[in-house]
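Okay, so here's the structure we're looking at.
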Amino acid sequence: MVCLDLWCDAGSRQEGDEETGMAHFLEHMVFRGSETLPPGSFDLRVEAMGGSSNAATGFDDVHYHVLVPLALLTELILSPQLAADAFAVERLVVLEELSQSEDQPDEVVFQRLLAKGCGSHAYGRPVLGYRRSLEHLTPASMDAFHGRLYRADGLALAITGAIDPEWWFSRLEHSLLGSLPRRRQLGRRPGDLLVRPGRTVERLERLEAARLLMLWPLPKAEAVDALIGAELATTLLSEGRRSLLVRCLREELCLVESVDLEVHPLEDGSMAILEAVCPPDQLEAVEEEIHRRLSAWCNTAVHPADLQRAQRLLGNGWRFGLEGPGGLAAAIGPGLLRGRVDALGTYVQQIQAWSCERLLADVQHLFAPEHALRLLALPAGG
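Just so you know, we're using the numbering used here here: the sequence shown kicks off at 116 and counts up by one.
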């Protein structure tokens, strides 16, 4: 089994103010065919070979994950047809996807957190875009967006599985990728992410339980080692029944239904986002308890046994993700796109290099409550 994963520096942060939603919309249009691949023929040819395909658009990039010959992949992605009739149909699909997202209270809460925390930065806008922008996009504007960003210096191809490297290098040299020009101008750079600390309360219809969300700024994705430290911190705080917040808030005090804390590595500035779900009448108590626990934790070295557990969990999760060609390609792709190819082979060693003293000095203070934007979400009328 061979996996091809093509990554492009064309995520939603590259969109102009009038282009919101373009990156995700283009991902949809790519699968509508090219000049030599009529609509539907790509899927038929992939399935006939026992292959599969998928794609995802994020803030920083978009990637196309395909178990399929190289020629089909490059033809589809680098030469999309963008026919007007297909564009109109796919716009309706994207608008319906946006409507479904807007109909999910959890999604609405999360997007409001990003909008308030990230301000005018592109990370504060939904990847799906805004309805008013999507309704004004045209095939011509999408073609310009594609031509601006889908270029040699903005692409990275990860190939994993039972492969012959020399054979693949030869194929790549004579493929569309081999003759692709470089970008005439660098992609948009919105600037560094600046998270604005504060506290806000939102009330939403059909929200079944209250939520406390907290967003902290973290170093950029290029600071791989620092983010490994942040991953260890979130594991210590919220991974499993023995973690600090799960043990205190759920197991001992029975204040929350769940509490999760995740790191989101991003090129202009990463984030850590906490979500605690609880009954509405417990929300203030949850906020106070999290504030108290985190304030103390930020100034206290963790126990060596707890750090060893976190290192083991993080390392095992990393190894498990690399077991198949798809997971390996997904791990390689972002670093390859950004010129950070050395991190893959040393990731587990970097995890083990963290000590309790270093974690206290370099990482734990990043999770101080006063550095976070807090959003308290309550059911409307509650």
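Glycine included, each C-beta is placed from N, C-alpha and C at the ideal position.
Next on the checklist: DSSP three-state label for Ser385, please.
Outcome noted: In the structure shown, Ser385 falls within a strand segment according to DSSP collapsed to helix, strand and coil.
Next on the checklist: By the three-class DSSP mapping on this structure, what secondary structure does Ile466 have?
Outcome noted: Taken through DSSP and simplified to helix, strand or coil, Ile466 comes out as helix.
Checklist entry - In whole angstroms, what is the alpha-carbon distance linking Ala483 and Ala271? => result Ala483 and Ala271: Cα-Cα distance of roughly 37 Å.
Next on the checklist: According to DSSP, simplified to helix, strand and coil, what is Thr189?
Outcome noted: The three-state secondary structure of Thr189, taken from DSSP, is helix.
Checklist entry - Which residue comes first and which comes last in the beta strand (DSSP E) that contains Cys123? => result From DSSP, the beta strand (DSSP E) with Cys123 extends over Val117 to Cys123.
Checklist entry - So which of Ser156, Gln129, Cys123 and Ser214 has the shortest CA-CA distance to Ala170? => result That would be Cys123, whose Cα lies nearest to the Cα of Ala170.
Next on the checklist: Helix, strand or coil, according to DSSP, for Glu377 in the structure here?
Outcome noted: Under the three-state reduction of DSSP output, Glu377 falls in the strand class.
Item to check | Closest Cα partner of Leu287 within the set Glu190, Gln467 and Leu491 | outcome: For the residues Glu190, Gln467 and Leu491, the minimum Cα distance to Leu287 belongs to Glu190.
Item to check | 8 Å contact criterion, which Arg326 and Val224 should meet: CB distance rounded | outcome: Arg326 to Val224, Cβ: 6 Å. Contact.
Item to check | Beta-carbon proximity of Ala119 to Leu228, cut-off 8 Å | outcome: Reading the sequence as shown, one finds Leu at residue 119 and not Ala. No.
Checklist entry - Relative to the C-alpha of Pro220, which residue among Gln423, Gly244, Ala237 and Ala324 is closest? => result Measuring C-alpha to C-alpha distances from Pro220 to each of Gln423, Gly244, Ala237 and Ala324 identifies Ala324 as the nearest.
Checklist entry - Would Arg128 pass as a contact of Phe174 if the rule is Cβ separation under 8 Å? => result Yes. Within cutoff.
Next on the checklist: Spatial neighbours of Leu264 within its chain, please: C-beta separation below 8 Å, excluding the five flanking residues on both sides.
Outcome noted: These residues qualify, in order along the chain: Cys123, Asp124, Ala125, Gln129, Arg298 and Gly302.
Next on the checklist: Taking the alpha carbon of Glu142 as the reference point, which residue from Ser353, Asp258, Pro395 and Cys393 has its own alpha carbon closest?
Outcome noted: The closest CA to that of Glu142, considering only Ser353, Asp258, Pro395 and Cys393, is found on Asp258.
Checklist entry - For Leu474, is the classification buried or exposed, using 16 other Cβ atoms within 10 angstroms of its Cβ as the cut-off for buried? => result By the Cβ-count criterion, Leu474 is buried, with 16 or more other Cβ atoms from all chains shown falling within 10 Å of its own Cβ.
Next on the checklist: Using the Cβ count rule (16 or more neighbours within 10 Å means buried), how would you classify Leu185?
Outcome noted: Counting Cβ neighbours within 10 Å, Leu185 comes out buried, since at least 16 surround it.
Checklist entry - Can you check whether the CB of Leu429 is closer than 8 Å to the CB of Leu347? => result A contact, by the Cβ cut-off of 8 Å.
Item to check | Backbone CA spacing between Glu366 and Arg356 [nearest angstrom] | outcome: Looking at the two C-alpha atoms, the distance is approximately 7 Å.
Checklist entry - Per DSSP, Ile274 is paired with what? => result Looking at the DSSP output, Ile274 bridges to Leu119.
Checklist entry - Distance, Cα to Cα, Thr461 vs Trp282? => result Each residue's Cα considered, the two are about 27 Å apart.
Item to check | Alpha carbon of Pro280 to alpha carbon of Ile274, nearest angstrom | outcome: Roughly 9 Å separates the two Cα atoms.
Checklist entry - Does the ligand HEM have a heavy atom nearer than 7 Å to the CB of Glu377? => result Although the ligand HEM was asked about, the structure shown includes no ligands whatsoever.
Checklist entry - What is the residue span of the beta strand (DSSP E) that Gly313 lies within? => result Taken as a continuous stretch (DSSP letters only), the beta strand (DSSP E) holding Gly313 covers Gly313 to Leu319.
Item to check | Neighbour flag for Gly166 against chain C, beta carbons, 8 Å | outcome: Here chain C cannot be found, since the structure has a single protein chain.
Item to check | Start-end ranges of the alpha helix (DSSP H) lying completely within the region 240-267, minimum 4 residues | outcome: Along the length of the region 240-267, whole alpha helix (DSSP H) runs at least 4 residues long occupy 246-249 and 254-264, reported in chain order.
Checklist entry - Could you give the distance in angstroms between the alpha-carbon of Asp268 and the alpha-carbon of Pro296? => result Those two C-alpha atoms are separated by around 8 Å.
Next on the checklist: Which of the three DSSP states is assigned to Met144 in this structure?
Outcome noted: Three-state result, Met144: helix.
Next on the checklist: Could you pull the DSSP bridge partners for Val392 from this structure?
Outcome noted: Listed as beta-bridge partners of Val392 by DSSP are Arg326 and Ser373.
Next on the checklist: Just to confirm before moving on: does the CB-CB distance between Leu352 and Leu364 stay below 8 Å?
Outcome noted: Leu352 places its beta carbon 8 Å or farther from that of Leu364.
Item to check | Strand pairing of Pro440, partner residues [DSSP] | outcome: By DSSP's assignment, Pro440 forms no beta bridge with any residue.
Checklist entry - Is the CB-CB distance between Leu491 and Val371 below 8 Å? => result Contact flag unset, no.
Next on the checklist: Quick check on Ser168: does DSSP put it in helix, strand or coil?
Outcome noted: Strand at Ser168.
Checklist entry - Roughly how many whole angstroms lie between the Cα atoms of Ala420 and Glu402? => result CA-CA distance, Ala420 to Glu402, rounds to 28 Å.
Item to check | Closest Cα partner of Ile192 within the set Gly441, Ala237, Leu182 and His178 | outcome: The candidate whose alpha carbon is nearest that of Ile192 is His178.
Item to check | Beta-bridge pairing of Ala492 - partner residues as DSSP gives them | outcome: Ala492 pairs with Glu317 and Arg326.
Checklist entry - Just reading off the alpha helix (DSSP H) that Val401 is part of, what are its end residues? => result Residues Leu398 to Trp412.
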